[in-house]
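Oh and the sequence shown: position 63 is 62 in numbering that gives the first Met the number 0, straight run, nothing missing. Even glycine gets a Cβ: it sits at the ideal position worked out from N, Cα and C. As structure tokens, the structure follows; a few thoughts come after it.
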Amino acid sequence: MENAAASPAAHVRLMKKTENITAAALLLASSILLSRVLGYVREMLLAYKFGASSTTDAFYAAFQIPDLLNYFLAGGALSIAFIPLYNRIHARSGLDEANRLMATVLGTLGAIVVLLTAVLWWEAEPLIRFQFPHFDAPTMALCVKLTRIVLPAQIFFVTGGIIQAVLLANKSFQAAALSPLIYNACTILGGYFLYSTCGIAGFSIGTLVGSFLGPFLMPLLYSFRHIPIRVRIAPSDRNFLIYLAIAAPLMFGQTLLTLDEWYGRWFGALLTAGSVAHISYARRLMQVPIAVIGQAIGAAALPTLAKLWAEDKVNELNKVLLQTLQTGIALSVLAGAAFVALARPVVELVYEHGAFNIIDMEIVALLTLTFGFAVPGWITQQIIVRAFYARGDTLRPMVLGTILSLLAIPLYMYLSDRHGVQGIAEAGVIGMSASAVATILYARVMHGAPKFIPLLLSFGSALLISIPAVFAAWTVLRLRQAHFPLEDLPLKWKALLDLCVGGSAFAAVALPGIWFVGEEGLQEYIRRIFGRILRILN
């Protein structure tokens, strides 16, 4: 009788947890979607001014050293390393001790990033020459110049990320929603207004300014009312050393979530001029569904999962994780299918103008279509690793990720040698899909969860919906091109029309499919989206 009475209450708690995650994920997804739209504008402006050339190769390669610095300080994963420890200290020792941890991490890690930024700024030229030996002298010089402009941005990303992690731990998501919007807007404004005087360096200057105003200033302003911001440099502090132990695998381990982009730059730089730009343009498009779904759901889920672990509610944690994964997998399959169906009109609309020519468009469209097949693995990987991170376990997934990333190098070498830049995208699809499956199986072995069959059913039902939706979109687009060529219509308007027509055909098949055979969490997610749209319209 006790179990029967407790079961409905447990179900209500579970539903409340998943609803909270869904609400937070929708907020972050809306922000990320707007941010990615701004990112599209930035890429459109970049493509219009510079196309796919050695100049854009230098621009994208200039982020390699800053990205490495950010990665090795766990800057891109501060919330992953910080939130579980912060919650545990808060639960066991109180708020003052948790805030002391924040002050120590902020001061000590901040001092380290300032020192390393200065060293890397000074050594930028030999480091660029080592990583991109095939760049000619002008491209090399430009890449060094741009690298030195964007390097200091990592100071603001890392220090702002620590403050933002505390906000996320306290279920405050507003700063996380605003920061990327401001960051991307500043990059666009820098590229637009400084183009005539600074050339492509205007985008880099905008990036530096945006890193201060968005990722740093926004969390700082939102923290003033609730969180005492203090700076304490204490590298021998016990809790800071525990934080380093948790963060160390994130600093020194490697996963394809990060390395796929690095591999694209390294192997792309060995191919013809413009290859780094081609793969970067396509990846920027692919990152939209990955960020809107995977990053939003993962960021929203981690505080809840970490809190359940801190409270020893393991069964509830596993149930919430399973439901979150099922929804994420279903959404990711549909998003990837949409990119496969609509790759060409998306690339035409976003990129094909100015210095970006028809040959560039054909290459990037094919790469974008290929990357569509990587979306489910990419999003699933972003969510499933939270099963480890919520437990404060960053070592095991990073060891697994490092092994898989090293094993993937021959695949990237072989496919890039056989198929050029297209081979790099193919290697990313294979590597990310294998990594996601391996991490799910590893989590199952280590934690007894998640259950594999429900995930397989969610994947299968989404695939059942997606395949006819893709063919419907392709069929409608072929009919439009065959019977209504619209040759007098400007390319941008034609691409927009194709996107609307093909997208409508895709949705006309997919939405009824979701209603009748879709996963329950996916149906709830779609209902909430439509509910929010209706509230806005009313």
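Item	Value
Through-space distance from V165 to H243, alpha-carbon basis	Before going on, a small fix: residue 243 reads as Leu here, not His. Those two C-alpha atoms are separated by around 17 Å.
Inter-residue spacing [alpha-carbon to alpha-carbon] between P375 and G190	33 Å
Local conformation of L521 per DSSP, three classes	helix
Supposed close pair T254, M412 - CB separation, criterion 8 Å	Contact doesn't hold; Cβ gap of about 19 Å is too wide.
Limits of the unbroken alpha helix (DSSP H) element including Q294	Neither: Q294 is in no alpha helix (DSSP H) and is coded neither H nor E.
Proximity of L207 and P137 at Cβ, strictly below 8 Å	no
Cα-Cα separation, T116 to A123	10 Å
Length of the line joining the Cα atoms of L456 and S34	32 Å
Secondary structure of Y350, DSSP reduced to three states	coil
Proximity winner among A386, R526, W473, F515, relative to S503 (alpha-carbon distances)	W473
Exposed unless 16 or more other CB atoms sit within 10 angstroms - verdict on N317	buried
Integer-rounded CB distance, given that V332 should sit under 8 Å from F458	6 Å
Whole-angstrom distance between I88 and A97, CA atom to CA atom	6 Å
Exposure of V275, with buried meaning 16 or more beta-carbon neighbours within 10 Å	buried
Nearest-angstrom Cα separation, counted from L307 out to A5	Note on A5: pLDDT 46, under 50, position unreliable in the model; the coordinate value appears next. Straight-line Cα distance between these residues: approximately 18 Å.
contact_flag[the segment 267-282, the segment 423-438] where n(CB pairs < 8 Å) is 3 or more	yes
Local conformation of P396 per DSSP, three classes	helix
Coarse secondary structure for L410, derived from DSSP in three states	helix
L399 vs A437 beta-carbon contact at 8 Å	yes
Cβ neighbours of A373 in the same chain (closer than 6 Å, five flanking residues each side left out)	G427, V428, M431
Sub-8 Å separation of A61 and T146 beta-carbons	yes
Unbroken alpha helix (DSSP H) run spanning P489, endpoints	Where P489 is concerned, there is no enclosing alpha helix (DSSP H), given that its DSSP letter is neither H nor E.
Buried or exposed (CB count within 10 angstroms, at least 16 for buried), V444	exposed
Alpha-carbon spacing of L510 relative to S460, whole angstroms	13 Å
CB of Y39 within 8 Å of CB of V349, strictly	yes
Cβ contact check for the segment 321-330 and the segment 66-73: 3 or more pairs under 8 Å	no
Where V11 sits in the DSSP three-state scheme	Reliability fails at V11, whose pLDDT of 48 lies under 50, so the model's placement of it is uncertain and no value is given.
Backbone secondary structure at P234 - three-state DSSP	coil
Complete alpha helix (DSSP H) runs within the segment 263-330 (minimum length 4 residues, chain order)	274-288, 295-309
P151, DSSP secondary structure in three states	coil
Run of the alpha helix (DSSP H) containing G109, from where it starts to where it stops	94-121
Stretch-stretch touch, CB-based, cutoff 8 Å, three pairs: the segment 380-397 with the segment 284-297	yes
C-alpha gap between A468 and L366, whole angstroms	21 Å
4-residue-minimum alpha helix (DSSP H) runs that sit fully inside the segment 184-233, ordered along the chain	194-197, 200-210, 216-222
Option nearest P234 by Cα separation, candidates Q153, L105, L32, T196	L105
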